[in-house]
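Engineer: Got a structure for you, written out below as structure tokens; questions coming shortly.
Residue numbers (this note's numbering), protein chains in the order written: chain A, 0 to 112; chain B, 552 to 661.
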């Protein structure tokens, strides 16, 4: 039972355009959501997070949107850069469970010059 | 800056061997985690620990055990390695959130 789903295994975007990565979840107890970025042969690195009391959080070129009624979140990258090419993982947790995260399958983003 | 160090980047082991994967963190974090990453499946939680000598099963604990004798060190043990345990293993630590990951150990079981 996949509680966090990323239904697009890959996404290709032109440099300078917007990248939109999507994530759906099924567990209504989740109240904290994160995005991680992973390059080959490296561990995932934290990118941005959002708690369920918000519907948007921005950090530079990265914005995460949360739609609780649809159990859906998305990551927007504007403008996309070739260095953004990586695998992006969506993750969810229950806030008081000490950081235990449930991850999606990942979306491989390719930003072409 | 948090540093999570996994002792090996690459390991090749034979079926039936006992395998130890070691992880050390330098930030005095209470919480430590072991995940495995497989294509199309994302990261799946094997075991985690909220304190020394304490462990909790994650979503896929079968065939694995863990040891946490010191706060900074969390070991993953494959009691009898099998080919379906060929994977990328990722250790992480946290005080609360987010998790900080090591660079992973690519384990191949032949």
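Ideal placement from N, C-alpha and C gives every residue a C-beta, glycine not left out. The structure displayed is predicted, hence computed values, not measured ones.
1. Nearest to residue 652(B) by alpha carbon, out of 567(B), 561(B), 576(B)?
2. Verify the CB distance criterion: does residue 662(B) have a CB-CB separation below 7 Å to chain A?
3. Compare the Cα-Cα distances from residue 89(A) to each of 625(B), 649(B), 604(B) and report the closest residue.
4. With DSSP as the reference, label residue 656(B) as helix, strand or coil.
5. Could you confirm whether any beta carbon from chain B is found closer than 7 Å to the beta carbon of residue 53(A)?
6. Which residues in the same chain have their Cβ closer than 6 Å to the Cβ of residue 50(A), if we skip the five residues on either side of it in sequence?
7. Does the distance from the CB of residue 72(A) to the CB of residue 65(A) come in under 7 Å?
8. Taking CB distances under 7 Å as the criterion, tell me whether residue 572(B) reaches chain A.
9. Beta strand (DSSP E) containing residue 33(A): first to last residue?
10. Looking at C-alpha atoms only, which residue of 613(B), 552(B), 606(B) is the closest neighbour of residue 581(B)?
11. Any chance the stretch 558-576 of chain B sits against the stretch 621-630 of chain B, with 3 or more Cβ pairs inside 8 Å?
12. Mind pulling the chain B residues with CB within less than 7 Å of residue 59(A)?
13. Kindly list the residues whose CB is nearer than 7 Å to the CB of residue 634(B), restricted to its own chain and excluding five residues on each side of it in sequence; keep chain order.
14. DSSP state of residue 66(A), grouped into three classes?
15. Please report how far the alpha carbon of residue 27(A) lies from the alpha carbon of residue 2(A), in whole angstroms.
Structural biologist: Quick answer:
1. When only C-alpha atoms are compared, the closest one is 576(B).
2. In the structure as shown, chain B starts at 552 and stops at 661, and residue 662(B) therefore has no counterpart that could be examined.
3. Proximity to residue 89(A) across 625(B), 649(B), 604(B) peaks at 649(B), based on C-alpha coordinates.
4. In the three-state scheme derived from DSSP, where H, G and I count as helix and E and B as strand, residue 656(B) is classed as strand.
5. False, the Cβ-Cβ gap to chain B never drops below 7 Å.
6. For residue 50(A), same chain residues with a beta-carbon under 6 Å away, outside a window of 5 residues either side, are 31 in chain order.
7. In this structure, residue 72(A) places its C-beta atom within 7 Å of the C-beta atom of residue 65(A).
8. Residue contact with chain A for residue 572(B): absent (no Cβ-Cβ distance below 7 Å to any residue of chain A).
9. Residue range 31-37 is occupied by the beta strand (DSSP E) that includes residue 33(A).
10. Residue 606(B) is the option with its Cα nearest to residue 581(B).
11. Touching, yes, given that three or more Cβ pairs across the two stretches are closer than 8 Å.
12. Going along chain B, no residue has its Cβ under 7 Å from residue 59(A), so there is no contact; the nearest lies around 17 Å.
13. Counting only Cβ-Cβ distances below 7 Å, and skipping sequence neighbours, we find 566, 660.
14. The DSSP-derived three-state label of residue 66(A) is strand.
15. Using only the alpha carbons, I get a separation of about 10 Å.
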